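Heads up, the sequence shown is in the numbering used here, so the first residue is 4 and it goes up one at a time.
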Amino acid sequence: MKKIFKVVKRLFVLAFVILFLIYSVTTVVKQHMILQQVKAQQYETIKQIEKLKKENEYLRRLAQYVQTKEYIQQVAREKLGLVGKDEIVFIDKNKKRKQ
Numbered sequence: 004m005k006k007i008f009k010v011v012k013r014l015f016v017l018a019f020v021i022l023f024l025i026y027s028v029t030t031v032v033k034q035h036m037i038l039q040q041v042k043a044q045q046y047e048t049i050k051q052i053e054k055l056k057k058e059n060e061y062l063r064r065l066a067q068y069v070q071t072k073e074y075i076q077q078v079a080r081e082k083l084g085l086v087g088k089d090e091i092v093f094i095d096k097n098k099k100r101k102q
């Protein structure tokens, strides 16, 4: 009877160890997959931050340019059709008119 009890006890301990190992391995694999997902998200976030930094720098420079005299003259010429003092306007009659 003691021999059977020892065998059952060993089988129970062995089953517990095997189940614990299976649980440990699955937990490590799941954590590794989660870590890979987080790293991918981190990489995408870093790329997005760099893109936004470049866009921010572009907008900062554009905001500075908009306040310059050159920009005001450019807009006056292109949008309003104005010309500067002592400038001569040439009109190409052969050019088709925009409709």
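The C-beta atom is built at its ideal place from N, Cα and C for all residues, glycine as well. Keep in mind that this is a model prediction, so the values were computed, not measured.
Next item on the list: Have a look at residue 42 and residue 23 and give me their C-alpha separation to the nearest angstrom.
Entry: Looking up residue 42 in the sequence shown gives position 39. Looking up residue 23 in the sequence shown gives position 20. Approximately 28 Å, taken between the alpha carbons.
Next item on the list: Kindly indicate which residue of 74, 89 and 88 has the alpha-carbon position closest to the one of residue 103.
Entry: Nothing can be reported for residue 103, as the shown portion of the chain is limited to 4 through 102.
Checklist line | Three-state class that DSSP yields for residue 62 in the structure shown | finding: The residue given as residue 62 occupies position 59 in the sequence shown. If DSSP states are grouped into helix, strand and coil, residue 62 belongs with the helices.
Margin query: Between which residues of its own chain and residue 80 is the CB-CB distance below 6 Å, once the five residues before and five after are set aside?
Written below: As a first step, residue 80 must be located in the sequence shown, where it is residue number 77. Excluding residues within five positions, none has a Cβ falling inside 6 Å.
Next item on the list: Tell me the start and end of each unbroken beta strand (DSSP E) in the region 9 to 56 that is at least 3 residues and wholly inside, in chain order.
Entry: none
Margin query: Since residue 86 and residue 92 should fall inside the 8 Å C-beta cutoff, what is the C-beta to C-beta distance between them, to a whole number of angstroms?
Written below: The count along the sequence shown starts at 1 and reaches residue 86 at position 83. The count along the sequence shown starts at 1 and reaches residue 92 at position 89. That pair is a contact at about 6 Å.
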